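Residue numbers (this note's numbering), protein chains in the order written: chain A, 56 to 257; chain B, 56 to 257. We put the beta carbon where it would ideally sit given N, CA and C, even for glycine. This structure is a prediction, so every number in the text was calculated from the model and none was measured.
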């Protein structure tokens, strides 16, 4: 009898398809009896490795145009609010540092959803200390202390190493899910990853 | 009361995700009461427009590695046979000329499925006159006459113009579906396109 595997969730706050998965994953995983392992990382270095200066949705105009229409339809399907961001992709190094610092905390899911909603619903900057503080305070956390710890040298190094690990694991976009060594790319594959997790990794 | 819209299906014989849709579309559309409009086109010029010499699955190694694993899983899900092609993407100008020539014929679906199976199940070259003849003869058609008509100057021009039309419509990959002006990209969106078609375009 195999036991359920944890669901590793690699995501980026600037990524619109990560928005869909951040909003959906915790309740779906809970229903399936799976634990989510939150793995924030930065897409920038992955784009750079391909010789790209920014998101392919910006560099490839036809694909970009399509993506915003697809997002409207996907958000309607999942009953999620949606505003096309006026700036894309939004820089989000501080939010990622906080997410990495809090990855094992009970507030991580709520923190990630609020950050995503600030970007993709409220269409606001998410990179500033003010923005991150507002989110943390809204959750009743000590914003100043949390941000200070998230900006420690150790945590900064950890975010870089997490992103290097993403590359080493073969990640080329976000969101990406792992069940053991089995990789699933894209919000469209979340349900398949969950099924694989229920089946267990052995 | 709106009436069902035709389902425009833009595909490429060299494209692995087009394989999934070619195998699935006719029976799904028939169940939904939708007519399929077969629109073969060439991805090469679209890749060139992006400055790419070949498929992104070749140019981006991490993505390419993932795609073959994803194809195994998708084929298992849809109960389709699958062999990773030893040559990718396969050139297929002659098969596309024949598909365009026969796009409104009753044999088009069967012809496309056999061509895709030669590429993605039998792992064979699909570009030669011999390969295309074998497929047409296997369906009881006059191979020599069909190929001669498919290779007329008029039909050659038509394939170029079909590919230009793909670019003009905003197509950036295959398979792509249209219900009226609404575009759906990727085999993962076939079911959404069908739903939109059932709802009708007005």
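*asked:* Does the region 166-173 of chain A come into contact with the region 77-84 of chain B, if we say contact requires no fewer than three beta-carbon pairs (one atom in each stretch) closer than 8 Å?
replied: no
*Taking Cβ positions only, does residue 257 of chain A come closer than 8 Å to chain B?*
In this prediction, residue 257 of chain A scores a pLDDT of 42, lower than 50, which makes its location untrustworthy; the coordinate-derived value is nonetheless stated afterwards. For residue 257 of chain A, the answer is no, since every Cβ of chain B falls outside 8 Å of its Cβ.
*asked:* Using 8 Å for Cβ pairs, my map puts residue 113 of chain A next to residue 137 of chain A. What's the rounded Cβ distance?
replied: Incorrect: roughly 19 Å between the Cβ atoms, too far for contact.
*In angstroms, rounded to a whole number, what distance separates the CA positions of residue 202 of chain B and residue 83 of chain A?*
52 Å
*Residues of chain A with CB under 8 Å from residue 121 of chain B, in chain order?*
225, 227, 238, 240
_Contact the region 90-104 of chain B vs the region 62-69 of chain B: 3+ CB pairs below 8 Å_ = yes
*Mind checking if residue 62 of chain B is an interface residue toward chain A, Cβ cutoff 8 Å exclusive?*
no
*Would residue 316 of chain B pass as a contact of residue 60 of chain B if the rule is Cβ separation under 8 Å?*
The question about residue 316 of chain B has no answer here: the residues shown for chain B are numbered 56 through 257.
*Pick helix, strand or coil for residue 67 of chain A, following the three-state DSSP scheme.*
coil
*Relative to the alpha-carbon of residue 226 of chain A, which residue among A/87, A/124, A/102 has its alpha-carbon at the smallest distance?*
A/102
*Is residue 231 of chain A helix, strand or coil by DSSP?*
strand
*Return the chain-ordered list of same chain residues with a C-beta closer than 8 Å to the C-beta of residue 249 of chain A, the five sequence neighbours on each side being excluded.*
62, 83, 84, 87, 89
_Is the separation between the beta-carbon of residue 140 of chain A and that of residue 197 of chain A shorter than 8 Å?_
no
*residue 131 of chain B to residue 71 of chain B, Cα distance in whole Å?*
14 Å
*Can you tell me where the beta strand (DSSP E) with residue 171 of chain A in it begins and where it stops?*
Element bounds for residue 171 of chain A: not the beta strand (DSSP E) but the alpha helix (DSSP H), 163-175.
_Please tell me whether residue 117 of chain B has its Cβ less than 8 Å away from any Cβ of chain A._
yes
_Interface partners of residue 243 of chain B on chain A, CB under 9 Å_ = 241, 243, 244
*If you compare alpha carbons, which of A/152, A/195, A/145, A/159 is closest to residue 172 of chain A?*
A/145
*Who are the neighbours of residue 128 of chain A on chain B, taking C-beta pairs under 8 Å?*
247
*Given that residue 105 of chain A touches chain B, what residues does it touch there, using C-beta distances under 7 Å?*
115
*If residue 245 of chain A and residue 232 of chain A are in contact, beta carbons under 8 Å, what's the gap, nearest whole angstrom?*
6 Å
*Do residue 133 of chain B and residue 238 of chain A come within 8 Å of each other at the CB atom, strictly closer than that value?*
no
*From what residue to what residue does the beta strand (DSSP E) around residue 123 of chain B run?*
Note, residue 123 of chain B: premise wrong, no beta strand (DSSP E); alpha helix (DSSP H) at 116-133.
*Would you call the CB atoms of residue 240 of chain A and residue 163 of chain A closer than 8 Å?*
no
*residue 125 of chain B versus residue 143 of chain B: straight-line alpha-carbon distance, rounded*: 16 Å
*Using three-state DSSP, classify residue 75 of chain A as helix, strand or coil.*
helix
*Around the C-beta of residue 161 of chain B, are 16 or more other C-beta atoms found within 10 angstroms, so that it is buried, or is it exposed?*
exposed
*Run the CB neighbour count on residue 106 of chain A, radius 10 Å, all protein chains shown included, and call it buried at 16 or more, exposed below.*
exposed
*By how many angstroms is the C-alpha of residue 183 of chain B removed from the C-alpha of residue 200 of chain B?*
16 Å
*Tell me whether the beta-carbon of residue 205 of chain A lies closer than 8 Å to the beta-carbon of residue 152 of chain A.*
yes
_Our contact map puts residue 234 of chain A next to residue 209 of chain A with C-beta atoms below 8 Å; I'd like the distance itself, whole angstroms only._
Wrong, their Cβ atoms sit about 29 Å apart, outside the cutoff.
*Cα-Cα separation, residue 229 of chain A to residue 220 of chain A*: 14 Å
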